[in-house]
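The structure appears below as structure tokens.
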Amino acid sequence: MSWFITLIPKNSQLEEQEVTKYSARLQKVIPADYRLKIVTPHILLYGGGLPETFHFKNSEPSGPVQGWLTCGIGIKLIEDSPSFVHEGDWDALIRAKLTKGEARNIDGHFVVAIWKPRYFEILTDSLGLRSAYVATTDHYILVSTRLDFITPFLESPELSLESLASGWTLINSFADDSFIRNVQRVGPSGRVLIENGMVKSTWEHWTPNAKSRLSVIPALRNLTLLPLRDGKRLTLGLSGGVDSRTLLAFMTNEDKSQWQVHSVGDTSNADIPVAKEIAQRLRAHHQVLLHDFAPETKVDVLADSLRQYSLQSEMSDSPFGFPRLALFSDMRMSGYWMIDGGYGELLRRSYGNKLVVAAHRALKTQDIRPLLRHLHMPKSRIFTEEVWRSLLKHTELQLESAVRAMPKDVGEENIGNWIDLFHIRYRLKNYAGASQGLYDYYIPNYMPFALSTMISAYFSIPSSERANNRINRKIIASSGRILRTVPLIASGAPVPYWTSRSTLASRALGKLRRAVGTTPQERGESFRVKVMLYLRDFLLDRISSSGVKQFPYYDHHFILAHLNAFLSSPNESDAEIVEDWLSFDFWRENLSKS
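Mapped onto our numbering, the consecutive letters of the sequence shown carry residue numbers 139 to 732.
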């Protein structure tokens, strides 16, 4: 990801030997290809990333240390016309004293840092798609966009079960803070001011702009095509669903030499054959990456790929998604910017239909148990019974806190918007955010559906008019009719396009086809199973290590039994347990090394 880390002494300045010591320690943690380096007795700051996702300006060597940097992508959307916030635009905004309120009016995903003598400030985007972390020790203050960069500088870093809880037991985390104790995550529309060794921070939950008059379809079209209009090439992550197909409809009349589609996944991924058929019908270039690794790959290289993905995604994504990063890097080298249909469900009101009754009950009686049942999607029970009970207890507390933070006066006709707002506040920053930042290090990218001004526009449209893909079907019918001739993927199985008129029917038919086994899938081992078998000795050595055996949270017998069961008879059920343990254990290792 585009990144930075800064170390600021709490006292007036560091001694010369301390500057040397801390600079050396920082360089052991960060990537070797950093692009910004400031090392003075008052501030140590390193940063890096792609030129498209990491902008900075530093003072002349002879003057006072002052400057700014941005990690991520900024987009300005005025009426229906979007434009990227380029380096010169950022400089002008910051020179004009960019404020928290002004930053809220910039779309995209970003963290801005501004510094001058004895002063350091950061601002975050309004949806919290890029995070920043702050930690204070006895001697210095740390700020970084990467949580794993901060932990080596903490004296005794500890996992926070309270913050980890819902991320392990529910469909996504509902926490507002980091899962490392005493490390603050700066939330949406955040501002942190560090001045004279003191830290002040504020952030606020996203709220739609009630005055939005944005025309959804023209604005979405212009956002989709923005890289092309800015003189760049465009690649779209294409699945078999409605959302990416909606964005593709806008692209069909553009010069095909300037855009392509791509798909990534395992051989059993039902979306890829549908995406291939769509590309063939359009005669569009389609890049496909089936997850794999070369036979000569070294074990430590493969293990480190899993480790880095786990650390950077903060356990919000499967570590076995790392091969896509190589594809993203290759596409970026060919001049592409990437978009995808992430969070298109916000436009079509399909995320929370099943939550309506549970949400009503939670609002009226403060009973969150129905919400818990609907959101329950636990990872593996690799922890002791005592730890598991603690996770469940803190999950309830987190969900109660999340519901309390939501608007209370919600009528029957507005419950759909309440659920969408719940989704935006707690799933975007806690699920999409880490991946968004991770991808920034490999390719400039954004999600046209998941921009603040666009989402505000969705809220101005009655829920009933967004349901059952009404707007999506309108876009596809007017801009990409050929896309209606290719099946959709629903619940992991192909269904006729006409079922898009009823989300319920589409899902039901998809589940039925999966149940009766009519979904054509390639047989053979999944990528996850292949990697685990290749890492057999690595996994056995790790499970037998003193660090794992002595870690008090683990149910070591449970993990070992399922690892042995998997190695003796490879299967996806045991593989999932091993994956969850491995993903968590990379973080345990990170903390133990600090």
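Backbone N, C-alpha and C fix where the C-beta goes; we use that ideal spot for every residue, glycine too.
Would you identify the three-state DSSP class for residue 371, choosing helix, strand or coil?
strand
Is residue 588 near the ligand FAD, in the sense that its beta carbon is under 6 Å from a heavy atom of that ligand?
Absent from the structure shown: the ligand FAD. Ligands present: none.
Kindly indicate which residue of 151, 311, 234 has the alpha-carbon position closest to the one of residue 530.
311
Just curious, the alpha helix (DSSP H) that residue 613 is in, first and last residue?
608 to 617
Assign residue 217 to one of three DSSP states: helix, strand, or coil.
coil
Under three-state DSSP, which class holds residue 692?
strand
What is the C-beta distance between residue 461 and residue 427, in whole angstroms, given that I count them as a contact (C-beta under 8 Å)?
6 Å
Would you say residue 631 and residue 651 are within 7 Å of each other, going by their C-beta atoms?
yes
Using 8 Å as the Cβ pair cut-off and three pairs as the minimum, do the segment 381 to 400 and the segment 497 to 509 touch?
no
Going by C-alpha distance, which of 705, 680, 702, 710 is nearest residue 722?
680
Cutting at 8 Å between CB atoms, please list the residues of its own chain near residue 677, excluding the five before and the five after it.
670, 701, 705, 716, 720
Just reading off the alpha helix (DSSP H) that residue 360 is part of, what are its end residues?
354 to 362
Answer yes or no: do residue 346 and residue 665 have a C-beta to C-beta separation smaller than 7 Å?
No, Cβ-Cβ distance for residue 346 and residue 665 is not below 7 Å.
My guess is that residue 273 and residue 320 are in contact by the Cβ rule of under 8 Å, so how many angstroms apart are they, rounded?
A Cβ-Cβ distance of about 6 Å is found for the pair residue 273 and residue 320, placing them in contact under the 8 Å criterion.
If you reduce the DSSP assignment to three classes, tell me which class residue 252 lands in.
Looking at residue 252 - three-state DSSP - the assignment turns out to be strand.
If you count every other CB in all the chains shown that lies within 10 Å of the CB of residue 408, and 16 or more means buried, which is it?
By the 16-neighbour rule on beta-carbons within 10 angstroms, residue 408 is buried.
On a CA-only basis, which of 277, 247, 725 is nearest residue 270? Give me that one, please.
247
Can you tell me the Cα-Cα spacing of residue 463 and residue 429, whole angstroms?
11 Å
Residues in its own chain within less than 6 Å of residue 453 by CB, not counting five upstream and five downstream?
721
Would you give the residue range spanned by the alpha helix (DSSP H) that residue 416 belongs to?
409 to 420
At 3 residues or longer, what runs of the beta strand (DSSP E) sit wholly inside the segment 379 to 465?
Correct list: 397 to 403, 424 to 428.
According to DSSP, what are the bridge partners of residue 147?
In the DSSP output, where bridge partners are listed per residue, residue 147 has 278.
Are three or more beta carbon pairs between the segment 503 to 511 and the segment 613 to 622 nearer than 8 Å?
Touching, no, given that fewer than three Cβ pairs across the two stretches are closer than 8 Å.
Measure how close the beta-carbons of residue 558 and residue 487 come, nearest whole angstrom, since I'm counting them as under 8 Å.
Indeed they touch by this definition, with Cβ atoms about 7 Å apart.
Between which two residues does the alpha helix (DSSP H) containing residue 670 stretch?
Residue 670 -> alpha helix (DSSP H) spans 665 to 672.
Please classify residue 740 as buried or exposed, where buried requires at least 16 neighbouring CB atoms within 10 angstroms.
Nothing in the structure corresponds to residue 740, since the chain is present only between 139 and 732.
Mark residue 658 as exposed unless 16 or more other C-beta atoms lie within 10 angstroms of its C-beta, in which case mark it buried.
Bear in mind that a pLDDT of 47 at residue 658, under 50, signals an unreliable position, so the number given afterwards is only what the model happens to contain. The residue is exposed, with fewer than 16 neighbouring Cβ atoms inside 10 Å.
Under the rule that 16 or more other beta-carbon atoms within 10 Å means buried, what is residue 638, buried or exposed?
buried
Distance, Cα to Cα, residue 191 vs residue 383?
26 Å
Looking only at its own chain, which residues have a Cβ that is under 6 Å from the Cβ of residue 667, when we skip the five neighbours before and after it?
708, 713
Could you please give me the residues that DSSP links to residue 474 through a beta bridge?
371
Can you find the residues in the same chain that come closer than 8 Å, C-beta to C-beta, to residue 349, ignoring five residues on each side of it along the sequence?
none
Taking the alpha-carbon positions, what's the residue 660 to residue 710 distance?
Bear in mind that a pLDDT of 48 at residue 660, under 50, signals an unreliable position, so the number given afterwards is only what the model happens to contain. Take the alpha-carbon of residue 660 and the one of residue 710: they are about 15 Å apart.
Using 8 Å for Cβ pairs, my map puts residue 398 next to residue 373. What's the rounded Cβ distance?
Yes, they are in contact, since the Cβ atoms of residue 398 and residue 373 sit about 5 Å apart, within 8 Å.
Write down the C-beta distance between residue 304 and residue 537 rounded to the nearest angstrom, noting that I regard them as a contact closer than 8 Å.
So it is a contact: roughly 7 Å between Cβ atoms.
Please tell me whether residue 581 and residue 466 are closer than 7 Å, where the distance is taken between their beta carbons.
Closer than 7 Å, so yes.
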